[in-house]
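Student: My questions all concern the structure below.
Residue numbers (the numbering used here), protein chains in the order written: chain A, 1 to 284; chain B, 285 to 568; chain C, 569 to 852.
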């Protein structure tokens, strides 16, 4: 029983992302690009710019990780096979006759399958980032967490920056108030895998890979099918926040207590109103 | 006959850019900076900031290439001779009595000579970039194209970014619809020199350097004297675009064909109107 | 007498910044962050984002220096002790019961002590930057000045950039007209220490460290107690500016002299009006 579990998790952790999981990741990324207003027009008028933006969407996490470790950010261009695959998917998505790919992608089962496979690549990227950072900085656990996080969910930073430079994106200060779900779940994964790597968590790498991936895929599918922003760890978040950052409200003997609670509840109400108005978060 | 051609191209490819061609490049770059609104006032009030911006204009391509290859972007400051030369030209341009340099530069023959010599430096930068990238990444042809392009025409990215950070530039999304002429011609040169370097193009380096430079200089002079934005490869561009990105419009059997052609012609009309309103492109 | 002076300056130059001077620097930096509008709300809603911004405030100079030398900008995360210390100060400043730390910091003697100790760390950073740059680039005196400057006063560039990306800061073009006092004094220190390092200034390192630090601390305390923006080298600045950049106004024989003086006095009047309207400069 245990050995068949071990075999299953071991085989799972040895899966190669190329080509099917990579295809799913590129497809989801390029479709997210296509849905941006004006993206199809840019592809017609300036295909090179559109191709470049698509590459940033597909390889953004690795580019951010390279920038943080002072490695050449162009290194992703040396992996000719993956570049050709991503370029082919960009071409097919934007220039397919009758827009067949977009029509096919509009079916929910296709989206669920692609999103699920993309979540598998997220785990591989986090593990790759943690391992790579450890080869540079022994015991640099903060660096390992940061690089795992950058590789798993850093692509949106790169693509938002590109939009900022192009003038298509005006950052809103309150967007930074709440971290997106992909950012939260990738940070959690990065911390877990760093603890496992530094042997503070007594679980084998392949078991953790399997369990974390299953968690990612299941929660993603549930969130997509129910279409409500169920945050699976919202209760934990609230508890930890109250313990670490909210305890003073109970032990506050000074006369400012009522002022703080009033202003905090006001600002909380304002922010929760803003959060309700925000329907669609960008996927990552 | 062949040997005299060989000798001529060989001697040409061994020309040193220092000092005359470099002087021309710095002069054109600093004059482009001086024409920006408010640049003279900044030079009077904050000479250090003005000097720094002038250095970005003069060495921007090399800085971008260093950033992309994770080399220190400050490395250009170690080349004391070129820094002193560029600084001297900045000083003379901004602080010359009676603004003599700007008056001298307003004569068309002077502008043609300087622009022609600057185009020669463009070829040297592309070749330098391609060779440098190849020393880092054997067979990384995409990296070679990218670095050649960055060195030859990347300066405007660095200077636009500096303007963005200073608040002097609001990027317009439709500026990215059409690549500028320097960007296109540098990309073409970068691809050609990469193919020559990887021995896919059977022509010697010095012959290609000579022919490409003559092409650059002649087209630049024609464009400046006729003062119309003649794009020498507009017919080729249109043909390739139609082959790679427009073929589906002929083979589109689905009912969306009329919708697509209508929306495309609408967007094309809008974009061509915007293009006609844009008189002056920034020189690079 | 001389040997006791030597002993004093030698002991002073061997002071360790950890922990008391570093605590002062982190305290001043985090309090500057806390005074930004909305910072407390961000700390409550998204502590990770607030913690990251605080780390940028505390370590911004080193991060900029790493970026300029193509070293990993995440390297500061490997120094676990300093990161824990800075994080503890962030936590205490933002989440202390009754906001005790901010109340304690509002007393002028506390601010003077912390600001004075922070100025001591500035000298150490400049010296560290100059030495580090020299280890990379022998005789690269411009690089040494730049890195010393970046480490001593570059943090504001990093934090402004973070605000720009978050949408909280709209850069004003005329902010760049006048360099802030910390930027000027750090540039002066960087030049002096570079000249001393390249043996153009015949003074020992420890004597220079002592004298420069005393100059920084005394001027900073005077500026804070008198609360007027006395710039100790405004006369020198005006003289040098007139010599290097204003001489042509006296030797201008051409008819444009009156135009230039009119436009310059107009722009000077405009700029001095704007400078008077600016009350509070950001501290660094």
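All residues carry an ideal CB built from backbone N, CA and C; glycine is no exception.
Please name the residues in the segment 630 to 649 of chain C whose beta-carbon is closer than 9 Å to at least one beta-carbon of chain B, in chain order.
Tutor: From the segment 630 to 649 of chain C, only 635, 636, 637, 638, 639 have a Cβ closer than 9 Å to chain B.
Student: Indicate, with yes or no, if the ligand NAD has a heavy atom lying under 6 Å from the CB of residue 416 of chain B.
Tutor: By its list of ligands, the structure shown contains no ligand whatsoever, and the ligand NAD lies outside what it can speak to.
Student: So with CB distances below 7 Å, who are the chain A contacts of residue 760 of chain C?
Tutor: What residue 760 of chain C touches in chain A: nothing, since even the nearest Cβ is about 30 Å away.
Student: Let's see if you can read the secondary structure: which residues bound the alpha helix (DSSP H) around residue 751 of chain C?
Tutor: Residues 749 to 765.
Student: If you measure from the beta carbon of residue 587 of chain C to each beta carbon in chain A, is any gap under 7 Å?
Tutor: Output row for residue 587 of chain C: interface = no.
Student: I'd like the span of the alpha helix (DSSP H) that includes residue 354 of chain B, first residue to last.
Tutor: From DSSP, residue 354 of chain B is part of no alpha helix (DSSP H); its letter is neither H nor E.
Student: May I ask you to list, following chain order, the residues of the segment 126 to 151 of chain A that have a beta carbon less than 7 Å from some beta carbon of chain C?
Tutor: For the segment 126 to 151 of chain A, which is checked against every Cβ of chain C, the residues closer than 7 Å are 137, 140, 142, 143, 146.
Student: Assuming residue 29 of chain A contacts residue 154 of chain A (C-beta within less than 8 Å), just tell me the rounded distance between them.
Tutor: At roughly 13 Å, the Cβ-Cβ gap does not stay under 8 Å, so residue 29 of chain A and residue 154 of chain A are not in contact.
Student: What residues in its chain sit with their C-beta under 6 Å from that of residue 414 of chain B, if we drop five residues either side in the sequence?
Tutor: Only 428, 432, 477, 478, 481 meet the Cβ criterion.
Student: Are there 16 or more other CB atoms within 10 angstroms of the CB of residue 364 of chain B, so buried, or fewer, so exposed?
Tutor: That one is exposed.
Student: To the nearest angstrom, how far is the alpha carbon of residue 623 of chain C from that of residue 595 of chain C?
Tutor: Approximately 12 Å between the Cα atoms of the pair.
Student: Compute the Euclidean distance between the alpha carbons of residue 592 of chain C and residue 685 of chain C, then round it to the nearest angstrom.
Tutor: The straight-line gap from Cα to Cα measures roughly 6 Å.
Student: Compare the Cα-Cα distances from residue 391 of chain B to each of B/509, B/519, B/525 and report the closest residue.
Tutor: For the residues B/509, B/519, B/525, the minimum Cα distance to residue 391 of chain B belongs to B/509.
Student: Please list the segments of the alpha helix (DSSP H) lying wholly inside the segment 288 to 346 of chain B, counting only runs of 4 or more residues, in order along the chain.
Tutor: Listed in chain order, they are 304 to 318, 323 to 329.
Student: Does the segment 765 to 780 of chain C come into contact with the segment 484 to 496 of chain B, if we say contact requires no fewer than three beta-carbon pairs (one atom in each stretch) closer than 8 Å?
Tutor: The segment 765 to 780 of chain C vs the segment 484 to 496 of chain B: no contact.
Student: Identify whether residue 656 of chain C lies in helix, strand or coil by the three-state DSSP scheme.
Tutor: Of the three classes helix, strand and coil, the one that applies to residue 656 of chain C here is helix, per DSSP.
Student: Less than 7 Å between the C-beta atoms of residue 644 of chain C and residue 630 of chain C, yes or no?
Tutor: Cβ distance < 7 Å, so residue 644 of chain C and residue 630 of chain C count as in contact.
Student: Would residue 220 of chain A and residue 115 of chain A be called neighbours here (beta carbons separated by less than 7 Å)?
Tutor: Going by C-beta atoms, residue 220 of chain A is nearer than 7 Å to residue 115 of chain A.
Student: Please specify which runs of the alpha helix (DSSP H), each continuous and at least 4 residues long, are wholly inside the segment 690 to 742 of chain C, giving them in chain order.
Tutor: You should have 709 to 721, 723 to 734.
Student: If we ignore side chains and look at the alpha-carbon of each, how far apart do residue 213 of chain A and residue 120 of chain A end up?
Tutor: Each residue's Cα considered, the two are about 6 Å apart.
Student: Can you give the Cα-Cα distance for residue 250 of chain A and residue 242 of chain A, rounded to whole angstroms?
Tutor: For residue 250 of chain A, the pLDDT reaches just 47, beneath the cut-off of 50, and the residue's location in the model is therefore unreliable, although a value from the coordinates is still provided. C-alpha separation (whole angstroms): 10 Å.
Student: Could you pull the start and end residues of the alpha helix (DSSP H) that residue 810 of chain C belongs to?
Tutor: Element bounds for residue 810 of chain C: 802 to 813.
Student: DSSP state of residue 494 of chain B, grouped into three classes?
Tutor: Note: residue 494 of chain B maps to helix in three-state DSSP.
Student: Beta carbon of residue 669 of chain C, beta carbon of residue 678 of chain C: below 7 Å?
Tutor: Their beta carbons are not under 7 Å apart, which means residue 669 of chain C does not touch residue 678 of chain C by this criterion.
Student: Kindly indicate the opening and closing residues of the alpha helix (DSSP H) around residue 569 of chain B.
Tutor: Since the first residue of chain B shown is 285 and the last is 568, residue 569 of chain B is not available in this structure.
Student: Alpha carbon to alpha carbon, what distance is there between residue 367 of chain B and residue 424 of chain B?
Tutor: So the alpha carbons of these two residues sit roughly 31 Å apart.
Student: Between the alpha carbons of residue 4 of chain A and residue 16 of chain A, how many angstroms are there, rounded?
Tutor: Computed Cα separation, rounded: 20 Å.
Student: Would you say residue 804 of chain C faces chain B, with C-beta separation under 7 Å as the test?
Tutor: It does not; no Cβ of chain B falls within 7 Å.
Student: If contacts are defined as beta-carbon pairs under 8 Å, then residue 69 of chain A and residue 636 of chain C qualify, I think. What distance do you get, rounded to the angstrom?
Tutor: In fact, because the Cβ distance is near 16 Å, the residues do not count as touching under 8 Å.
Student: Restricting to Cα atoms, I'd like to know which of A/209, A/90, A/38, A/37 is closest to residue 59 of chain A.
Tutor: The shortest Cα separation from residue 59 of chain A among A/209, A/90, A/38, A/37 belongs to A/90.
Student: In three-state DSSP terms, what is residue 203 of chain A?
Tutor: Coil.
Student: What residues in the segment 605 to 625 of chain C have a beta carbon less than 7 Å from any beta carbon of chain B?
Tutor: Against chain B - using a Cβ distance shorter than 7 Å - the segment 605 to 625 of chain C contributes no residues.
Student: Under the three-state reduction of DSSP, which class applies to residue 2 of chain A: helix, strand or coil?
Tutor: Helix, per DSSP.
Student: With 16 other CB atoms within 10 Å as the buried threshold, where does residue 298 of chain B fall?
Tutor: Burial call: exposed.
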